[in-house]
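Numbering-wise, the sequence shown is residues 0 to 181 according to numbering that gives the first Met the number 0.
Positions of the beta carbon are idealized from the N, C-alpha and C atoms, including for glycine.
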Amino acid sequence: MKTKIFIAMGIISLFSLAFKLTEKTFYDFKVTDIEGKEFDMAQLKGKKVMIVNTASKCGFTPQYKDLEALYEKYKDKNFVIVGFPANNFLSQEPGTNTEIKDFCSKNYGVTFPMMSKISVKGDDTAPIYKWLQNKSENGVDDGTVKWNFHKFLIDENGHWVRSIGSKTSPMSDEITKWIEGK
0 MKTKIFIAMG
10 IISLFSLAFK
20 LTEKTFYDFK
30 VTDIEGKEFD
40 MAQLKGKKVM
50 IVNTASKCGF
60 TPQYKDLEAL
70 YEKYKDKNFV
80 IVGFPANNFL
90 SQEPGTNTEI
100 KDFCSKNYGV
110 TFPMMSKISV
120 KGDDTAPIYK
130 WLQNKSENGV
140 DDGTVKWNFH
150 KFLIDENGHW
160 VRSIGSKTSP
170 MSDEITKWIE
180 GK
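As structure tokens, then:
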């Protein structure tokens with residue numbers, strides 16, 4: 000009997016190890032930045048990351064100001080924001096990558112990394128957003144993007160931490176305490 004239990008525990012351990020070896024993290028993704036260059040998320044290892052889908056013609060667009068302020072405050076403390084423009088909600092991001100980059104720079108002084116425009120929902124959802132929104136891919140929880148400026152928090156090891164809705168300010172206690180480790 001003890002031998003069977005020991006063998007069963009060994010098999011379970013092997014399956015757990017195999018799952019961990021195949022578990023996808025944030026660092027497994029490569030995307031295209033707003034200038035058309037490859038951006039490997041692995042370069043962000045060791046940093047806390049906030050992913051946010053953005054739009055230039057949305058009621059939440061002024062959040063760019065707080066996103067930039069948050070980035071400036073914590074960028075030297077192993078924190079980064081990565082913006083993904085998306086046109087999925089009422090066509091509120093109709094611009095080209097060049098137009099989006101100019102808009103962000105001119106109106107909000109954005110210096111955090113911005114990626115090329117993608118889709119965050121539907122049949123053409125970008126792979127990184129499939130991972131962000133599905134427990135079956137990120138191993139933690141589902142986090143459906145319901146509007147522009149939805150935020151996802153990723154820990155220093157590339158693991159999904161939390162999904163935060165559009166109405167929550169980037170400067171909220173929920174976010175700043177997480178960054179500060181409180």
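Self-check item: Whole-angstrom distance between Thr-143 and Ala-17, CA atom to CA atom
Solution: Note that Ala-17 scores a pLDDT of 43, beneath 50, so its modelled location is shaky and nothing firm can be said.
Quiz item: Which of the three DSSP states, helix, strand or coil, is assigned to Ile-33?
Solution: coil
Quiz prompt | Segment limits, alpha helix (DSSP H) that includes Ser-90 | solution = Premise fails: Ser-90 is in no alpha helix (DSSP H) and is neither H nor E.
Self-check item: Burial state of Ala-85 (16 or more Cβ within 10 Å)
Solution: buried
Quiz prompt | Nonlocal neighbours in the same chain, by C-beta distance under 8 angstroms from Phe-111, ignoring five residues either side | solution = Leu-66, Glu-67, Tyr-70, Lys-74, Val-79, Ile-80, Val-81 and Gly-82
Quiz item: Is DSSP giving Ser-135 helix, strand or coil here?
Solution: Three-state DSSP puts Ser-135 in a helix.
Quiz prompt | Contact the segment 94-108 vs the segment 120-137: 3+ CB pairs below 8 angstroms | solution = no
Quiz item: Within 10 angstroms of its Cβ, does Gly-45 collect 16 or more other Cβ (buried), or is it exposed?
Solution: exposed
Quiz prompt | Nearest-angstrom Cβ-Cβ length linking Ile-163 and Glu-173, presumed shorter than 8 angstroms | solution = Contact between Ile-163 and Glu-173 holds: CB atoms are separated by about 7 angstroms, below the 8 angstroms threshold.
Quiz item: Among Gln-42, Ile-99 and Gly-157, which has the Cα closest to the Cα of Glu-34?
Solution: Ile-99
Quiz item: Which first and last residues belong to the alpha helix (DSSP H) in which Trp-177 is found?
Solution: 172-179
Quiz prompt | Beta-carbon proximity check, Glu-136 vs Lys-47, cutoff 8 angstroms | solution = no
Practice problem: Would you mind listing the beta strand (DSSP E) stretches within the segment 60-121 that are 3+ residues and don't spill past its ends, in chain order? | Solution: 78-84
Quiz item: Count the other CB atoms within 10 Å of the CB of Leu-89; is the residue buried (16 or more) or exposed (fewer)?
Solution: exposed
Self-check item: Cβ distance (whole Å) where Lys-150 is taken to contact Thr-175 below 8 angstroms
Solution: Contact flag wrong, Cβ pair sits at about 12 angstroms.
Exercise. Assign Asn-77 to one of two classes, buried (16 or more other C-beta atoms within 10 Å of its C-beta) or exposed (fewer than that).
Key: exposed
Practice problem: Can you check DSSP and say which residues form a bridge with Phe-38? | Solution: Val-30
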